[in-house]
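Report on the structure given below.
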Amino acid sequence: KAGVTQTPRYLIKTRGQQVTLSCSPISGHRSVSWYQQTPGQGLQFLFEYFSETQRNKGNFPGRFSGRQFSNSRSEMNVSTLELGDSALYLCASSFEGTNTEAFFGQGTRLTVV
Amino acid sequence: KNEVEQSPQNLTAQEGEFITINCSYSVGISALHWLQQHPGGGIVSLFMLSSGKKKHGRLIATINIQEKHSSLHITASHPRDSAVYICAVSIQGAQKLVFGQGTRLTINP
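Protein sequence lines correspond, in order, to chains A and B.
Following this note's numbering, the numbering of the first sequence begins with 7 at its first residue and continues without gaps.
Following this note's numbering, the numbering of the second sequence begins with 67 at its first residue and continues without gaps.
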């Protein structure tokens, strides 16, 4: 059974640009969650999608957005990048949501210069 | 005060020692997760608990819902157990994980 796949693994962007990250969940999983990890703030919840619906969103500015497609694949977008957006972005898939076992991808390391 | 607190933040031990990492939370939860993160970033789910105790190999996780406390134990620790261990809770009624700050464990041979 294939694991959770995140692409790209590494990304360097310039301030002001936008970026799109992709997450393909484990087959059969309908929930995808996104998290940001930084040395200062640790892991923080961004949003959770289930069957194409956003069920919850963390305390991040509107520049952070996401969506989920009918095949459960999910994308997150960050517009007008700031230096502080440099982080490891992780997605996790699960069968029903965060009260079921989560399987994490390897993450996308975003560097904003 | 953080909703999820882990202790200790750093732990160094000798191979073979019994390890305990603690997690306390202050919110209503539907489940608690113990995660392992190695250098490079990948996170692996070790346990998901909503009550009682679970065991997998040398790892044991317990949770006390009344006291809002969970522990992760490693028996016969080995250098390959060196990693960051993270406690995360699924908030009751919300599809959201809140994380502790992690415990950096180093096991010396």
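Just so you know, even glycine gets a beta-carbon here, dropped at the ideal spot from N, CA and C.
### Message
Can you pull the chain B neighbours of A/E107, defined as C-beta to C-beta under 7 Å?
### Response
S111 and M114
### Task
State whether the stretch 101-115 of chain B contacts the stretch 101-109 of chain A, with contact taken as three or more CB pairs (one from each stretch) at a distance under 8 Å.
yes
### Query
A/R21 by DSSP, collapsed to three states: which one?
coil
### Message
Using C-beta distances below 6 Å, list every residue in its chain close to A/R115, excluding the 5 sequence neighbours before and after it, in chain order.
### Response
Y16 and L94
### Message
Just to confirm, is the Cβ distance from A/P31 to A/R79 under 9 Å?
### Response
yes
### Query
When the Cβ atoms of the stretch 52-60 of chain A are set against those of the stretch 93-107 of chain B, are three or more pairs found closer than 8 Å?
no
### Message
My parser needs the beta strand (DSSP E) runs of 3 or more residues fully inside the stretch 99-128 of chain B; what are they?
### Response
109-115 and 118-122
#### Entry: the stretch 27-43 of chain A / the stretch 135-149 of chain B touching (three or more Cβ pairs under 8 Å)
no
### Query
Out of A/T104, A/G113 and A/T117, which has the shortest C-alpha to C-alpha gap to B/L115?
A/T104
### Query
By a C-beta neighbour count over all protein chains shown, 10 Å radius and 16 as the cutoff for buried, is A/T76 buried or exposed?
Residue identity check: residue 76 of chain A is Ser in the sequence provided, not Thr. A/S76 comes out exposed.
### Task
Find the residues of chain A that neighbour B/G123, judging by a C-beta separation of less than 9 Å, and give them in chain order.
Here the premise fails: no neighbours, minimum Cβ distance about 17 Å.
### Task
Establish whether the CB of B/A97 and some CB of chain A are separated by less than 9 Å.
yes
### Query
Which term fits A/L96, buried or exposed, when burial requires 16 or more other beta carbons within 10 angstroms of its beta carbon?
buried
### Query
Are the beta-carbon atoms of B/E71 and B/Q167 separated by less than 9 Å?
yes
### Task
Report the three-state DSSP secondary structure of A/G72 (helix, strand or coil).
strand
### Query
A/G9 to A/E102, Cα distance in whole Å?
16 Å
### Under 9 Å between C-beta atoms of B/I173 and B/T86
no
### Message
Can you look up B/R146 in the DSSP assignment and give me helix, strand or coil?
### Response
helix
### Task
Answer yes or no: the CB of A/H35 versus the heavy atoms of the ligand SAH, is any distance below 8 Å?
Absence of the ligand SAH is noted for the structure shown, with no ligands found whatsoever.
### Task
Could you work out which residue in B/Y91, B/H135, B/I129 and B/A149 is closest to B/V17 when comparing CA atoms only?
Here chain B covers residues 67 to 175 and nothing more, so residue 17 of chain B does not appear.
### Query
Going by other Cβ atoms of all chains shown within 10 Å of its Cβ, with 16 needed for buried, is B/H104 buried or exposed?
exposed
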